[in-house]
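There are 2 protein chains.
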Amino acid sequence: MTSTPIADLWPTLPGADTRPEAAYRLLQAAVESFAERGFHATTTRDIATAAGMSPAALYIHYQSKAALLAEISRAGHAATLTLVREAAAGEGGPAERMRRVVEQFTAWHARARTVGRVVNYELHALPEDAYAEVAALRLDIEREVSALIEAGVAAGEFEVSEVRTAARAVTSLGIDVSRWYTERSSGTPEELGRRYGELVLRMLGARV
Amino acid sequence: MTSTPIADLWPTLPGADTRPEAAYRLLQAAVESFAERGFHATTTRDIATAAGMSPAALYIHYQSKAALLAEISRAGHAATLTLVREAAAGEGGPAERMRRVVEQFTAWHARARTVGRVVNYELHALPEDAYAEVAALRLDIEREVSALIEAGVAAGEFEVSEVRTAARAVTSLGIDVSRWYTERSSGTPEELGRRYGELVLRMLGARV
DNA sequence: GTGCTGACTAAGCGCTTGCTCAGCATGCTG
DNA sequence: CAGCATGCTGAGCAAGCGCTTAGTCAGCAC
């Protein structure tokens, strides 16, 4: 089973098609390294070597090690928000749409777990301005889920005592997948998505 | 709202009563620093300064920076396992006991979120031998939850299609609390525990 | 008092870090 | 062909890292 997380990520980067291939290789190496060892334990030599270059080459394509992280984080969050928005905006009632959101959100965090780890667990290493951008995107994702739960409650499809906590639980379940999921985990990302979709609907008291 | 997470942790350390107070201050400072900045971004000077000592003093009480992390992780995991075991072993049927486990597990991860962050998100920085110990404890925790779900299914109190995935979801929800919970979060740790207990019982299809 | 111990510090060692820069090969342009 | 921009490297700098060392000092036994 091969996973190609950054291939999905790359097109969302500004000027993706005009960038030299080396910049992509560096990004890929950075994602892998940051995910495995964490931002601070990763050296610029690690990244450059993994991309088949000398450390100096990194600074031709990116301003700094932190800029690389910022780019990964921005693109990863943007991709996730798009995924959630599209799944939530499709046809069907709130329950059906929520199922789709959880399936996609969960599967993405399993499939793109390397990107997911960087996106979710290296926030503290971001420069301040990049953090602000990314925090806004995270809030948007949570709001999208909250809105969907509220719609479900209004339509009488969900029964929830506290929307905020429920929304936290839903996103939390998906995010944490990127922490524990490995290639050796039983079930494909899509299977896990379906199971989690089922669990979440029950959690929300869906009458379906 | 003040939280004293390490105070709970300290007694579980070997030779806790004979250890000098300085060792406790260093541990406390290390937990705070590791939780806030991560293991690799924390310097021995950070820890020592926060404990009101010079960097060299650290090495009188602990063999290395990594040894400090190992002690925190070991003690934190041991405390969590004890908490789960006691909650699961109490009186009542599987559903009642599961509610108690989730309430306690969740509340602990909210209350002791600094310790929780180190315990759950700094595993990769552990020396190999400490990692092996800690991994065994994590497996025990997961097994405890799985066994409780199986008991519930056998007793006809739960309805679950896949025990492993359900157990993952239950522990996952609790663990992730230490990532997002802050002092500013709405609701006390105990309130959150109660809400999560409710959500999990529904997720497991509890007929109560 | 004397001798000893254990907690601690100031200074700093050896090494690694993020990052820079002069220079080189390549290929495009006039 | 020259001239020049582009992508990259080898060498290396300043800063900061984990950890060690030599030595200080309060407290206790005798």
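Sequence order for the protein chains is A and B. Taking the working numbering, the leading residue of the first sequence gets 3, the next gets one more, and so forth. Taking the working numbering, the leading residue of the second sequence gets 3, the next gets one more, and so forth. Glycine included, every Cβ here is placed at the ideal spot set by N, Cα and C.
Burial state of residue i, where buried means 16 or more other Cβ atoms lie within 10 Å
| i | result |
| --- | --- |
| Q106 (chain A) | buried |
| D178 (chain A) | buried |
| E23 (chain B) | exposed |
| A81 (chain B) | buried |
Alpha-carbon to alpha-carbon, residue j and residue i
| i | j | result |
| --- | --- | --- |
| L11 (chain B) | G189 (chain A) | 36 angstroms |
| E93 (chain B) | I143 (chain A) | 41 angstroms |
| A91 (chain A) | R102 (chain B) | 38 angstroms |
| E135 (chain A) | H111 (chain A) | 21 angstroms |
| V172 (chain B) | S187 (chain A) | 17 angstroms |
| H79 (chain B) | T116 (chain B) | 13 angstroms |
| E161 (chain B) | I151 (chain B) | 9 angstroms |
| A53 (chain A) | E164 (chain A) | 48 angstroms |
| E159 (chain A) | L206 (chain B) | 19 angstroms |
| E130 (chain B) | L175 (chain A) | 29 angstroms |
| A72 (chain B) | E185 (chain A) | 27 angstroms |
| Q30 (chain A) | Y123 (chain A) | 17 angstroms |
| P191 (chain B) | L85 (chain A) | 32 angstroms |
| V147 (chain B) | A169 (chain B) | 6 angstroms |
| M3 (chain B) | L194 (chain B) | Legend: pLDDT at M3 (chain B) = 46, less than 50; position of this residue unreliable, no value from coordinates given. |
| L1 (chain B) | V121 (chain B) | Not covered by the structure: residue 1 (chain B). The range shown for chain B is 3 to 210. |
| V33 (chain A) | Y198 (chain B) | 33 angstroms |
| F41 (chain A) | A127 (chain A) | 7 angstroms |
| G154 (chain B) | L203 (chain B) | 11 angstroms |
| R209 (chain B) | A97 (chain A) | 21 angstroms |
| L141 (chain A) | P16 (chain A) | 22 angstroms |
| R87 (chain A) | A109 (chain A) | 15 angstroms |
| K67 (chain A) | A58 (chain B) | 31 angstroms |
| R39 (chain A) | P13 (chain B) | 31 angstroms |
| A138 (chain A) | A9 (chain A) | 24 angstroms |
| R21 (chain B) | I74 (chain B) | 15 angstroms |
Contacting residues, own chain, Cβ-Cβ under 8 angstroms from residue i (five flanking each side not counted)
| i | result |
| --- | --- |
| R119 (chain A) | F36, A37, S180, R181 |
| Y133 (chain B) | L125 |
| A89 (chain B) | R99, R102, V103, E105, Q106, F107 |
| R166 (chain A) | S148 |
| Y183 (chain B) | H111, A112, R115, P191, L194 |
| R196 (chain A) | E105 |
| L70 (chain A) | L28, L29, A32, I49, L60, Y64 |
| E145 (chain A) | Correcting the residue type first, residue 145 (chain A) is Arg in the shown sequence and not Glu. There are no such residues. |
Close beta carbons around residue i, own chain, < 7 angstroms, minus the five adjacent residues each side
| i | result |
| --- | --- |
| L60 (chain B) | L28, T46, I49, A50 |
| R76 (chain B) | A132, E135, V136 |
| G95 (chain A) | A157, E159 |
| S56 (chain A) | A50 |
Alpha helix (DSSP H) segment containing residue i, residue limits
| i | result |
| --- | --- |
| V121 (chain B) | 115–123 |
| A69 (chain A) | 67–91 |
| T2 (chain B) | Given a span of 3 to 210 for chain B in the structure shown, any question on residue 2 (chain B) remains unanswerable. |
| A149 (chain A) | 130–156 |
| E192 (chain B) | 191–205 |
| P7 (chain B) | 7–11 |
| A37 (chain B) | 23–39 |
| A59 (chain B) | 57–63 |
| A208 (chain B) | No alpha helix (DSSP H) contains A208 (chain B), which DSSP labels as neither H nor E. |
| T285 (chain B) | Residue coverage of chain B in this structure runs from 3 to 210, which leaves residue 285 (chain B) outside it and unanswerable. |
Beta-carbon contacts of residue i that lie in its chain and below 6 angstroms, excluding the five residues immediately before and after
| i | result |
| --- | --- |
| A25 (chain A) | H63 |
| A114 (chain B) | P7 |
| T44 (chain A) | S35, F36 |
| L201 (chain B) | none |
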